[in-house]
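A.B. asks: Can you keep this structure in mind? I'll have questions shortly.
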Amino acid sequence: MILVLVETDASGAVEVSREAVTFARGLAAEGGGVAIDAVVVGELACDTGALVEQLGRYGVRHVHHATGAAFETFSGAAWASAVQSVRATAGSVAVMAAGTPRGGEVLAHVAARTGVAMAANVVMFRGLSPFVVTRQVVGGAVLEEMRLDERPAVFTVAGHAVEEIPSPVPRVATLVESNPAVDEADLGARVVSAEPPAPDLSGSLKSARVVVGAGRGAGSSEGFADLLELTELLDGSLGVSRVVTSLGWRPHHEQVGQTGSRISPELYIPCGISGAIQHWAGCSTAKNILAINTDAEAPMVTKASYAVIGDLHEVVPAINAEIRRRRG
């Protein structure tokens, strides 16, 4: 059995988790039709029955739902206990999750407790005997092959490594409820409060006519005010580079690039983005590119249709002011 940790929101399994299940189907087929089970933890924002039906469409056999007071808020160690409980009961040749902050943290605990190596940000696999995976390292700039000889194989799948596709042979998944025991020590680090998310201006990234991009040049998580205003003024979507999400300045779903969204807007305005090949892979089909950068030799500037050489924190406010002036 292949066990996939699935993260959810109000609509059901999140996109990257659906991608992870899709990846698992390829692995299962290589193994001669091994079953795929999913595990979800804690109180769900979505309807449980609808989630089970949804995951069945992606080829999942059982959806294991771990509940209890220990899972009222997120704790990486506690969630790992839930995954371990399911793995011990059902057995598995692989334990996997999407390469999100939660997925990485939980599976790191699982690997440590199981005594096996963990591969992070896997983008493909080659065979099962031996089981060799290709994963992204150095911020996605390098691809590395890693051999996983121990069982269970524990790894996370990089976001958008595969396209999430329902199974051509859907299943009628079943729900398995459980209340795993959790040691008090596992609750030493847990979420105690959460801030509401910032307004989501990236929901239509893939179909947006205008995308405003932001890179390291934004400077900090507080450096997006003018960029967000420009996004709103142009009725566009906000997209960011990988380094921005790696630093925690903006959420992963806003990322444009090889491991993010591929965009094809009428106008892309990358601000403070150097234009590394991984980012260019996600925006190269934009019809027009207006680059704003202090470096006239930056790859993004040399490939852009138009460029403004200057500090985005000076240029963007000037653009916003001119748009407001023309609109009266």
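In my numbering, the protein residues as written are 158 to 485. Here a beta-carbon is modelled for each residue, glycine too, at the ideal position from N, C-alpha and C.
Give the C-beta separation of V290 and A318 to the nearest angstrom, bearing in mind that I take them to be a contact with Cβ-Cβ under 8 angstroms.
C.D. replies: With 8 angstroms as the limit, V290 and A318 do not qualify as a contact, their Cβ atoms being about 10 angstroms apart.
A.B. asks: Can you list, in chain order, the residues of its chain with a C-beta nearer than 6 angstroms to that of T442? Leave out the 5 residues immediately preceding and following it.
C.D. replies: So the qualifying residues of the chain are S421.
A.B. asks: When the Cα of D468 is compared with those of R270, F282, A375, which residue comes out closest?
C.D. replies: A375
A.B. asks: L300: buried (16+ other C-beta within 10 angstroms of its C-beta) or exposed?
C.D. replies: exposed
A.B. asks: So, helix, strand or coil for F282, using DSSP?
C.D. replies: strand
A.B. asks: Bridge partners for T291 per DSSP, in chain order?
C.D. replies: M281, E302
A.B. asks: Does the distance from the C-beta atom of R486 to that of G213 stay below 8 angstroms?
C.D. replies: For residue 486 there is no data in the structure shown, the boundaries of the chain being 158 and 485.
A.B. asks: Please report how far the alpha carbon of L358 lies from the alpha carbon of G380, in whole angstroms.
C.D. replies: Low per-residue confidence applies at L358: pLDDT is 49, beneath 50, and the placement is therefore not dependable enough to give any value.
A.B. asks: Do you know how far the Cα of Y425 is from the Cα of L395?
C.D. replies: Distance between the alpha carbons of L395 and Y425 is about 10 angstroms.
A.B. asks: Could you tell me whether the segment 199-218 touches the segment 174-182, where touching means 3 or more Cβ pairs closer than 8 angstroms?
C.D. replies: A contact exists between the segment 199-218 and the segment 174-182.
A.B. asks: Of all the options K444, D383, E307, which has the alpha carbon lying nearest to the alpha carbon of S364?
C.D. replies: K444
A.B. asks: From I159 to V209, what does the alpha carbon distance come to, in whole angstroms?
C.D. replies: Cα-Cα distance, rounded: 17 angstroms.
A.B. asks: Between P309 and A251, which are expected to be in contact by the criterion C-beta below 8 angstroms, what is the C-beta distance as a whole number of angstroms?
C.D. replies: About 5 angstroms separates the beta carbon of P309 from that of A251, a gap short enough to meet the 8 angstroms contact definition.
A.B. asks: Within 8 angstroms, do at least three Cβ pairs link the segment 221-228 to the segment 191-201?
C.D. replies: yes
A.B. asks: What does DSSP give as the partner residues of P427 in its beta bridges?
C.D. replies: G370
A.B. asks: Using the Cβ count rule (16 or more neighbours within 10 Å means buried), how would you classify V473?
C.D. replies: buried
A.B. asks: I'd like the ranges of any beta strand (DSSP E) spanning at least 3 consecutive residues and lying wholly in the segment 165-203.
C.D. replies: 193-198
A.B. asks: Taking the alpha-carbon of G194 as reference, which of G248, V220, E187 has the nearest alpha-carbon?
C.D. replies: Inspection of the sequence shows that residue 194 is occupied by Asp rather than by Gly. Selected option, being the one with the closest Cα: V220.
A.B. asks: For F231, name the three-state secondary structure that DSSP assigns.
C.D. replies: coil
A.B. asks: For F231, which residues of its own chain have a beta-carbon under 7 angstroms away from its beta-carbon, when the five flanking residues on both sides are left out?
C.D. replies: R259, R347, V348
A.B. asks: Please tell me whether, using a cut-off of 7 angstroms, the distance from the CB of Q415 to the nearest non-hydrogen atom of the ligand SAM is below it.
C.D. replies: No copy of the ligand SAM appears in this structure; indeed no ligand is present at all.
A.B. asks: Assuming S398 contacts I430 under a Cβ cut-off of 8 angstroms, what Cβ separation, rounded to an integer in Å, is found between them?
C.D. replies: 5 angstroms
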